[in-house]
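*Asks:* I am attaching a structure below and will ask some questions about it afterwards.
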Amino acid sequence: MPQAVELERVERLTEKETLFAFSPPEGFVFQPGQFLMVGLPGYGEAPISISSPPSDRKDVELCIRRVGSLTTILHRLQRGDALWIRGPFGRGFPVEKMHRRDILFIAGGIGLVPLRSLIKEVLSSRRGYGHLTLLYGVKSPEEILFEEELERWQKEGMDVRLTIDRAHPGWKGNVGVVTTLVPRVEMDEKNTVCCIVGPSVMYKYVILSLGNRSMRGEDIYLSLERKMKCGMGKCGHCQINSIYTCEEGPVFSLQEIRHLPEAI
Amino acid sequence: MAGYFVDRRGFRSFVKGLVERYLLYGTTLQEGFPVFKKIETPEELVLSSTPTHLSPKEFLFPPEELLLRFSLEDGRGEPVVDAPEQVLMGLHPCDIHAIGLLDRVFSHGTGDVNYIERRRRTILIGTECLPDEYCFCHSMGTMDAEEGFDLFFHELKRGYLVRVGTERGRRLLERYSKPARADRTHLEEMRTHREKKLESFVRSIYARREELPLVYAGSYEHPVWERIGSRCYGCGSCNHVCPTCYCFDIRDDVTLDLKEAHRYRVWDGCTLEDFAKVAGGHNFRRHRSERLRHRFNRKFRYLADRFDGLFCVGCGRCSRTCLVGINITDVTNELIRDARS
Numbered sequence: 112m113p114q115a116v117e118l119e120r121v122e123r124l125t126e127k128e129t130l131f132a133f134s135p136p137e138g139f140v141f142q143p144g145q146f147l148m149v150g151l152p153g154y155g156e157a158p159i160s161i162s163s164p165p166s167d168r169k170d171v172e173l174c175i176r177r178v179g180s181l182t183t184i185l186h187r188l189q190r191g192d193a194l195w196i197r198g199p200f201g202r203g204f205p206v207e208k209m210h211r212r213d214i215l216f217i218a219g220g221i222g223l224v225p226l227r228s229l230i231k232e233v234l235s236s237r238r239g240y241g242h243l244t245l246l247y248g249v250k251s252p253e254e255i256l257f258e259e260e261l262e263r264w265q266k267e268g269m270d271v272r273l274t275i276d277r278a279h280p281g282w283k284g285n286v287g288v289v290t291t292l293v294p295r296v297e298m299d300e301k302n303t304v305c306c307i308v309g310p311s312v313m314y315k316y317v318i319l320s321l322g323n324r325s326m327r328g329e330d331i332y333l334s335l336e337r338k339m340k341c342g343m344g345k346c347g348h349c350q351i352n353s354i355y356t357c358e359e360g361p362v363f364s365l366q367e368i369r370h371l372p373e374a375i
Numbered sequence: 040m041a042g043y044f045v046d047r048r049g050f051r052s053f054v055k056g057l058v059e060r061y062l063l064y065g066t067t068l069q070e071g072f073p074v075f076k077k078i079e080t081p082e083e084l085v086l087s088s089t090p091t092h093l094s095p096k097e098f099l100f101p102p103e104e105l106l107l108r109f110s111l112e113d114g115r116g117e118p119v120v121d122a123p124e125q126v127l128m129g130l131h132p133c134d135i136h137a138i139g140l141l142d143r144v145f146s147h148g149t150g151d152v153n154y155i156e157r158r159r160r161t162i163l164i165g166t167e168c169l170p171d172e173y174c175f176c177h178s179m180g181t182m183d184a185e186e187g188f189d190l191f192f193h194e195l196k197r198g199y200l201v202r203v204g205t206e207r208g209r210r211l212l213e214r215y216s217k218p219a220r221a222d223r224t225h226l227e228e229m230r231t232h233r234e235k236k237l238e239s240f241v242r243s244i245y246a247r248r249e250e251l252p253l254v255y256a257g258s259y260e261h262p263v264w265e266r267i268g269s270r271c272y273g274c275g276s277c278n279h280v281c282p283t284c285y286c287f288d289i290r291d292d293v294t295l296d297l298k299e300a301h302r303y304r305v306w307d308g309c310t311l312e313d314f315a316k317v318a319g320g321h322n323f324r325r326h327r328s329e330r331l332r333h334r335f336n337r338k339f340r341y342l343a344d345r346f347d348g349l350f351c352v353g354c355g356r357c358s359r360t361c362l363v364g365i366n367i368t369d370v371t372n373e374l375i376r377d378a379r380s
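In the order they appear, the protein sequences are chains A and B. The numbers in this note's numbering rise by one with no breaks, and the one at position 1 of the first sequence is 112. The numbers in this note's numbering rise by one with no breaks, and the one at position 267 of the second sequence is 306.
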């Protein structure tokens with residue numbers, strides 16, 4: 112049974128993305144990378160990643176892209192309106208395994224949304240980690256999400272590098288898909304954990320470029336998007352070969368999914 | 040084995056008792072074919088030795104089931120569990136095995152309250168059968184049902200030998216008929232029928248079923264997927280009739296007076312085009328060959344580890360219904376043959 116939460120903040124981020132914030136209901140505990148089934152009675156539900164960190168006890172934030180019929184309706188919601196949630200579901204990023212290590216975050220487009228939860232969690236105890244790098248690729252400058260936060264993260268000790276897919280008037284930064292940034296990152300491969308979230312087409316190329324840098328499969332984590340209806344390992348939509356993404360994922364190590372031809 | 044004998048008159052009185060007291064779904068003939076439907080008079084019930092086209096899963100996992108009801112006036116929502124006390128009669132051993140698999144699925148992890156409640160209030164009564172040209176349960180270990188039913192009827196010349204699976208079943212039998220102890224001749228007649236059944240199969244799978252997950256694992260790139268994928272219409276009929284296909288979609292609707300919103304689930308099928316398509320348009324199994332491969336692998340491999348059992352019970356329904364004649368035994372035997380060569 113979903114529960115209703117009251118939206119305390121609704122913030123338009125870009126033309127397509129809106130941020131929704133509400134207070135965590137009692138007993139609400141989650142890991143970065145987990146998701147909620149978010150819906151409205153009469154319109155349906157969709158799986159949405161939590162975008163705020165567990166260390167934020169005040170707000171739970173969801174960044175939702177307007178892409179289908181449900182999300183179009185969600186984008187009409189305002190402060191004070193009710194949003195219905197179930198969850199959190201699935202398995203998130205294993206933050207405990209990242210302590211003291213360097214972390215390379217790679218985000219493609221809206222992939223920054225689930226990664227933001229992890230990034231902010233890590234930055235909230237910055238000294239517990241080594242070198243932090245974020246490679247973030249978007250199609251064009253107006254799609255950059257959380258621009259002010261990116262600057263703040265840079266100041267808080269993370270090396271933030273942006274790239275856009277194609278040259279754009281006024282853009283002075285990197286141009287090219289996010290993969291092009293990988294060879295230029297200085298890193299200690301043995302001590303680095305890599306966390307990747309982006310569209311499905313991105314994974315193959317990013318993993319190839321990391322493989323060239325002799326990263327190990329158990330140090331590479333990625334979050335896989337699939338259609339989901341129940342969130343409880345039953346409806347079948349999120350199945351990748353033998354596994355159910357909603358229960359065993361959405362975050363996997365590369366090691367865990369290497370043998371699954373449907374994964375990436 | 041504790042068995043009872045019920046003569047024909049006892050059987051009629053048993054069915055009459057069920058019709059009067061319970062919501063009874065059983066097999067009857069419709070245009071000459073056996074189907075499960077609501078039985079309202081004892082005469083309607085016809086135990087069929089050949090399989091029904093549709094499986095009985097719809098009585099435990101309805102094609103459309105209301106799960107939640109929301110008031111759009113006061114913003115409240117409530118779960119809906121509609122679980123009538125009911126009897127399913129005329130289940131073949133494959134159906135009983137299939138229900139056992141669905142029990143595992145819906146009680147796995149966070150249990151599905153709607154299924155579990157419905158199942159708890161459903162009495163299962165089996166009956167013996169004979170294979171048609173699509174059946175292959177003898178290859179899947181599902182030819183006999185030793186458990187998973189309340190009562191099981193074996194038709195004999197002069198009546199029925201009844202096996203009792205649960206105390207609830209025994210009470211039911213005793214309340215509505217006058218069962219006698221089955222004697223040696225009854226048991227012998229039952230065994231003779233079983234031998235006849237075993238000899239009647241025209242379809243088999245030519246490997247031990249323990250080997251099938253490995254055969255499928257090694258056949259991921261086999262040309263058969265492209266070949267049957269190019270014939271498949273992607274119509275979902277195989278999912279629809281399969282007694283162990285349980286995938287579903289969740290949909291929302293608003294009542295015409297705009298006072299209530301309903302969230303309900305409907306059957307879905309992994310061979311349908313949109314099954315793995317996400318918002319934005321990316322389809323993780325775009326080709327029919329990929330979707331068929333997925334379905335076959337679910338039956339013989341993917342779900343085997345998760346639920347400790349193959350998800351094909353050999354009923355042959357998918358092959359019987361397939362518009363383009365894709366036969367699950369032919370496909371599996373081809374994979375077996377090539378795995379061995």
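In this text, a Cβ means the ideal position worked out from N, Cα and C, and glycines have one as well.
In terms of residue numbering, what span does the beta strand (DSSP E) encompassing B:Cys354 cover?
*Replies:* Where B:Cys354 is concerned, there is no enclosing beta strand (DSSP E), given that its DSSP letter is neither H nor E.
*Asks:* Kindly indicate which three-state DSSP category B:Cys133 falls into: helix, strand or coil?
*Replies:* Looking at B:Cys133 - three-state DSSP - the assignment turns out to be helix.
*Asks:* I'd like to know whether the C-beta of B:Thr315 is nearer than 8 Å to at least one C-beta of chain A.
*Replies:* Looking at the sequence itself, residue 315 of chain B is Ala, so the reference to Thr does not match. Chain A, which has a Cβ nearer than 8 Å to the Cβ of B:Ala315, makes this yes.
*Asks:* Have a look at B:Phe100 and A:Val293 and give me their C-alpha separation to the nearest angstrom.
*Replies:* In a straight line, the C-alpha of B:Phe100 is about 50 Å away from that of A:Val293.
*Asks:* Does the beta carbon of B:Thr149 come closer than 8 Å to any beta carbon on chain A?
*Replies:* It does; some Cβ of chain A falls within 8 Å.
*Asks:* Taking buried to mean at least 16 other C-beta atoms within 10 Å of its own C-beta, is B:Tyr259 buried or exposed?
*Replies:* It is exposed - the Cβ of B:Tyr259 has fewer than 16 other Cβ atoms within 10 Å.
*Asks:* Would you tell me roughly how many angstroms separate the C-alpha atoms of B:Ala458 and B:Pro252, rounded to the nearest one?
*Replies:* Outside the shown range of chain B (40 to 380) lies residue 458 of chain B, about which nothing can therefore be said.
*Asks:* What residue range does the alpha helix (DSSP H) around B:Ala378 cover?
*Replies:* B:Ala378 -> alpha helix (DSSP H) spans Ile367 to Arg379.
*Asks:* Looking at C-alpha atoms only, which residue of A:Gln114, A:Ala132, A:Val271 and A:Val116 is the closest neighbour of A:Glu122?
*Replies:* Considering only alpha carbons, the answer is A:Ala132.
*Asks:* Take A:Thr125 and list the residues in its own chain whose beta-carbon comes closer than 7 Å to its own, dropping the five residues that flank it on each side.
*Replies:* So the list reads Glu253, Glu254 and Leu256, once near-sequence residues are dropped.
*Asks:* Indicate the three-state DSSP secondary structure (helix, strand or coil) for A:Cys357 in the structure shown.
*Replies:* Helix, per DSSP.
*Asks:* Between the C-alpha atoms of B:Asp134 and B:Thr89, what's the straight-line distance to the nearest angstrom?
*Replies:* The alpha-carbon atoms of B:Asp134 and B:Thr89 are separated by roughly 12 Å.
*Asks:* Residues bridged to B:Lys316 by DSSP?
*Replies:* DSSP lists B:Asn322 as partners of B:Lys316.
*Asks:* What distance in whole Å lies between the Cβ atoms of B:Leu212 and B:Leu190, which are believed to be in contact at a cut-off of 8 Å?
*Replies:* At roughly 6 Å, the Cβ-Cβ gap stays under 8 Å, so B:Leu190 and B:Leu212 are in contact.
*Asks:* With three or more C-beta pairs closer than 8 Å as the rule, is the region 202–222 of chain A touching the region 307–315 of chain A?
*Replies:* Touching, yes.
*Asks:* Could one say the Cβ of B:Cys271 lies closer than 8 Å to chain A's Cβ atoms, at least one of them?
*Replies:* Judged by the 8 Å Cβ criterion, B:Cys271 is not in contact with chain A.
*Asks:* Got a sec? Which residues, its chain only, sit under 6 Å from B:Thr283 by beta carbon, not counting five neighbours each side?
*Replies:* If we look at B:Thr283 and ignore the five residues flanking it on each side, its Cβ neighbours are Ala137, Leu140 and Phe350.
*Asks:* Does the beta-carbon distance from B:Gly129 to B:Thr166 come in below 8 Å?
*Replies:* The answer is yes: Cβ separation under 8 Å.
*Asks:* Using CA atoms only, rank isn't needed, just tell me which of B:Glu373, B:Asp183 and B:Arg334 is closest to B:Cys357.
*Replies:* Answer by Cα proximity: B:Arg334.
*Asks:* Classify B:Arg330: buried if its beta carbon has 16 or more other beta carbons within 10 angstroms, exposed otherwise.
*Replies:* Buried.
*Asks:* Any idea if A:Thr182 is buried or exposed, counting beta-carbon neighbours within 10 angstroms, 16 or more meaning buried?
*Replies:* With 16 or more other Cβ atoms within 10 Å, it is buried.
*Asks:* Kindly indicate if chain B contains any beta-carbon less than 8 Å away from that of A:Tyr154.
*Replies:* It does: the Cβ of A:Tyr154 has a partner Cβ on chain B nearer than 8 Å.
*Asks:* Beta carbon of A:Ile196, beta carbon of A:Met148: below 8 Å?
*Replies:* Yes, these two residues count as a Cβ contact at 8 Å.
*Asks:* Should A:His348 be flagged as near chain B, meaning a C-beta pair shorter than 8 Å?
*Replies:* By this cut-off, A:His348 is an interface position.
*Asks:* Using only the alpha-carbon positions, how far apart do A:Val312 and B:Phe323 sit?
*Replies:* Computed Cα separation, rounded: 11 Å.
*Asks:* What distance in whole Å lies between the Cβ atoms of A:Ser235 and A:Ser166, which are believed to be in contact at a cut-off of 8 Å?
*Replies:* Going by Cβ atoms, the distance from A:Ser166 to A:Ser235 rounds to 4 Å, so yes, they are a contact pair.
*Asks:* Following the continuous beta strand (DSSP E) through B:Gln69, name the residue where it begins and the one where it ends.
*Replies:* Start and end: Leu62 to Gln69.
*Asks:* When you measure from the CB of B:Met229 to every non-hydrogen atom of the ligand GDP, does any distance come out below 7 Å?
*Replies:* Of ligands this structure carries none, so the ligand GDP is not represented either.
*Asks:* Checking contacts by CB at 8 Å: is B:Tyr215 closer than that to chain A?
*Replies:* Not one chain A Cβ lies under 8 Å of B:Tyr215.
*Asks:* Got a sec: which bits of the region 243–263 of chain A sit with their beta carbon under 7 Å from any beta carbon on chain B, in order along the chain?
*Replies:* So nothing in the stretch comes that close.
*Asks:* Pull out every residue of the region 196–213 of chain A whose Cβ sits closer than 7 Å to any Cβ of chain B, in chain order.
*Replies:* Answer in chain order: no residues at all.
*Asks:* Can you have a look at A:Gly287 and say buried or exposed, based on whether 16 or more other CB atoms are within 10 angstroms of its CB?
*Replies:* Result: exposed.
*Asks:* When the Cα atoms are used, what is the spatial distance from A:Gly268 to B:Glu104?
*Replies:* Whole-angstrom Cα-Cα distance: 53 Å.
*Asks:* Verify the CB distance criterion: does A:Asn302 have a CB-CB separation below 8 Å to chain B?
*Replies:* Chain B contact via Cβ: absent.
*Asks:* Which first and last residues belong to the alpha helix (DSSP H) in which B:Phe346 is found?
*Replies:* B:Phe346 -> alpha helix (DSSP H) spans Leu342 to Phe346.
*Asks:* Do the region 47–66 of chain B and the region 102–121 of chain B touch if we need at least three Cβ pairs shorter than 8 Å?
*Replies:* Verdict: no, contact absent.
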